[in-house]
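Taking the working numbering, I'd label the letters of the sequence shown as residues 9 to 547. From the three backbone atoms N, C-alpha and C, an ideal C-beta is built for every residue, glycine too.
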Amino acid sequence: MATRILMPKLGLTMTEGTITEWVVNSGDKVTEGTVVMLIETDKVEAEVEAEADGIITHTANVGETLEPGEPVGWLLGEGEQAPDGTIVEAIDEDTQETPSEIQEEILSEEEPTVETQQEVIAEEISNNEDETTQNSRLLASPNAKRIAKELDVDITTISGTGPGGRITSDDVQSLTPTKESKPDKTGRLKASPNAKRVAHEKGIDLSTVSGTGPGGRITSEDVLAAPPVEMTPQIDQTTPVEDVPEEPQTTEVVQAPFAARKAAERLGVDIGQVTGTGPNGRITKQDVFSHSRTVKPAPAATAPAASSGIPGERIPIKGMRGIIAERMHSSLQEMAQLTLTMDVDMDRVVELREQLKDIGKEELGAVPGYTDFVIAAVAKALAEHPAANSQIDGNDIVLLEEINVGMAVAVPEGLVVPVVHGTDQLELSEIAMETSRLAEAARNKKLSLAEMEGGTFSVTALGMFGVDAFTPVINPPNSGILGVGRIRDDVDWDGDTPIKVQRMTISLTWDHRVLDGAPAAEFASTIKGFLQQPLRLLA
């Protein structure tokens with residue numbers, strides 16, 4: 009029995025997910041519980057397992073972003089077809105390239121020679137001849153059929169660019185000129201959360217943006233591609249009407265599928281100069297190849313030089329790096345962040361930790377690290393300073409009922425912040441066990457969305473790198489974050505007598521919209537007090 013594979017809903021706040029990898033190729037047999045694909049949300053990377061045995065068929069490609077519940081593939085029996093009548097064709101994953109791979113390939117290619125063009129053209133002509141011999145039945149993905157229905161497009165008039173001439177969602181969308189996004193039945197514009205955020209940051213009216221997503225849905229790429237908002241110049245009342253310059257005409261949208269654009273990039277062809285012979289003037293791959301024989305190819309695309317004039321490798325800001333960049337930039341733009349530093353004497357913590365090490369992990373469950381002491385102190389201080397355990401919601405400051413301290417964990421791809429839920433209710437050894445478990449899960453990419461959500465305050469440590477103080481950036485929607493420096497040897501003076509002490513600097517960044525300087529300093533002092541009297545953390 010056919011089983012549909014859907015984009016999962018990982019938590020209440022998830023609005024969309026991106027396929028980052030198909031672990032299993034189309035046409036392969038899988039058993040229930042096998043990991044078939046990897047997805048990425050704005051919070052976490054996750055594995056998606058097969059819910060039944062069967063032969064897997066992909067209907068969505070790597071890089072596609074879909075809403076929870078949207079179909080991405082099927083699990084079928086031997087010789088079975090998808091319930092919607094789609095013919096199942098095995099896709100050769102080795103021939104599929106992600107946009108980033110295409111970009112890397114283009115940047116690495118030399119200027120195409122005449123011989124190269126002839127080889128590519130010959131290959132494409134051969135492929136086109138093969139495609140004409142395919143079964144005359146309609147080859148189209150479920151997504152393509154759904155989008156065609158939403159856009160009122162006759163799918164039988166579309167030339168497929170997928171394997172074996174299969175019609176993809178890109179083929180359907182490229183056939184239809186970009187439409188202005190219209191409100192849905194509730195009166196709301198159809199736009200992704202990222203698109204709304206970007207539009208708000210750039211001051212762009214979403215009603216003026218044309219959506220290219222399914223059903224005219226506006227994506228963040230649509231907003232970024234929208235022309236910048238310009239001030240309308242005032243017209244001098246003495247200027248005759250005929251002297252007022254006319255508005256420039258809107259440029260026509262080039263109708264070309266991804267495959268045609270990719271071929272144009274490979275051959276150095278300006279796709280805007282190509283005459284389309286497909287339905288409604290749509291540009292096909294063959295049009296690109298034909299055009300390339302009549303013009304001298306443009307130089308191959310090269311990475312623009314850095315501002316210093318020195319060329320270098322270009323790394324796309326995407327995936328986890330893109331999420332971090334987006335959230336941190338947004339945090340600094342939207343909050344009034346300030347940072348104070350304070351020295352803490354850690355002699356008693358060092359001494360207590362040595363005593364706990366003597367008791368042993370077997371009896372305690374885990375020996376607390378220095379960051380565990382800080383997390384415990386922060387949790388108790390938050391209970392005494394509820395304004396620091398808050399977030400802004402519209403025009404309100406919400407004092408949160410739970411104390412859930414997040415801890416920053418460095419991973420090869422960037423940074424994640426798993427959360428110790430109910431931190432103030434845990435004993436020090438329990439905090440140590442939980443932070444150890446979460447850190448291990450983070451390094452192995454096993455964190456669940458629940459373990460990444462619900463944080464009310466964050467702690468980040470750079471002391472292991474020899475850092476004393478720094479200015480950590482708040483993790484939205486929190487109102488504060490504490491940076492932890494190294495424990496260093498320092499000196500106090502008893503009259504003329506020097507006394508060696510072990511000291512650590514804490515760096516508190518807070519949102520001035522929520523806390524003023526004095527209460528923020530009091531909060532930091534409370535943390536310091538718990539660390540300088542660590543037996544209170546065991547109570």
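Residue j beta carbon less than 8 Å from that of residue i
i: S444; j: A374; result: yes
i: E392; j: T505; result: no
i: R511; j: V352; result: yes
i: V427; j: N412; result: yes
i: I482; j: T431; result: no
i: G491; j: T468; result: yes
i: F531; j: A389; result: yes
i: L408; j: T464; result: yes
i: T11; j: E59; result: yes
i: I47; j: T26; result: yes
i: L498; j: V509; result: Inspection of the sequence shows that residue 498 is occupied by Asp rather than by Leu. Yes. Within cutoff.
i: I495; j: Y378; result: yes
i: E421; j: G327; result: yes
i: T39; j: S167; result: no
i: A440; j: D380; result: yes
Residues near residue i by beta carbon distance below 6 Å, same chain, minus five either side
i: A207; result: L214 and V231
i: A585; result: No answer is possible for residue 585: it lies beyond the span of the chain, which begins at 9 and ends at 547.
i: I13; result: V80 and G81
i: K37; result: I63
i: E57; result: G41 and V43
i: T349; result: A477, T513 and S515
i: M15; result: G25, L74, P76, E78 and V80
Cβ of residue i within 8 Å of any chain C Cβ
i: Q89; result: Chain labels in this structure do not include chain C; a single protein chain is all it has.
Range of the contiguous alpha helix (DSSP H) that encloses residue i
i: R496; result: Here R496 belongs to no alpha helix (DSSP H); instead the beta strand (DSSP E) covers G488 to D502.
i: L539; result: G525 to Q540
Coil, strand or helix - residue i by DSSP
i: M622; result: Absent from the model: residue 622. The displayed extent of the chain is 9 to 547, so no value can be given.
i: H66; result: strand
i: D353; result: strand
i: I291; result: coil
i: V358; result: helix
i: A10; result: coil
i: T505; result: strand
i: M45; result: strand
i: M22; result: coil
i: K17; result: coil
i: S515; result: strand
i: A272; result: helix
i: I166; result: coil
i: S218; result: strand
i: I482; result: coil
i: T124; result: For T124, the predicted model reports a pLDDT of 46, less than 50, meaning its position is unreliable; a value from the coordinates is still stated below. Note: T124 maps to helix in three-state DSSP.
i: Q341; result: helix
i: A203; result: helix
i: I279; result: helix
i: G224; result: helix
i: A458; result: coil
i: I175; result: strand
i: L159; result: coil
i: A60; result: coil
i: A449; result: helix
i: A234; result: coil
i: A7; result: This structure gives no information on residue 7, because the portion of the chain shown stretches from 9 to 547.
Same chain, Cβ closer than 7 Å to residue i, five either side skipped, listed in chain order
i: I405; result: S398 and V522
i: P253; result: Note on P253: pLDDT 49, under 50, position unreliable in the model; the coordinate value appears next. Excluding sequence neighbours, P253 sits near nothing in its chain.
i: A387; result: I411, V413, T431 and D432
Host beta strand (DSSP E) of residue i (start-end)
i: G34; result: Rather than Gly, the amino acid found at residue 34 in this sequence is Ser. Segment: none, S34 is in no beta strand (DSSP E) and carries neither H nor E.
i: G25; result: G25 to W30
i: S466; result: F465 to A469
i: E75; result: E75 -> no beta strand (DSSP E), and no H or E assigned at all.
i: V56; result: E53 to E57
i: D404; result: D404 to L407
Any non-hydrogen atom of the ligand GDP closer than 7 Å to residue i Cβ
i: K369; result: In the structure on display, the ligand GDP does not appear, and there are no ligands present to speak of.
Contact set for residue i: own chain, Cβ-Cβ below 8 Å, skip 5 residues either direction
i: A340; result: A small correction: the amino acid at residue 340 is Leu; Ala does not occupy that position in the sequence shown. V481, listed in sequence order.
i: G462; result: E410, N412, V427 and H429
- Message: Please give me, in chain order, every unbroken run of the beta strand (DSSP E) with length at least 3 that falls completely inside the region 409-445.
- Response: Note on the region 409-445: whole beta strand (DSSP E) runs with a minimum of 3 residues are 413-415, 417-419 and 422-424, in chain order.
- Task: Write down every uninterrupted run of the alpha helix (DSSP H) in the region 361-401 whose length is 4 residues or greater and which is fully enclosed by it, in chain order.
- Result: Counting only runs of 4+ residues, the alpha helix (DSSP H) found wholly inside the region 361-401 occupies 369-372 and 378-392, in chain order.
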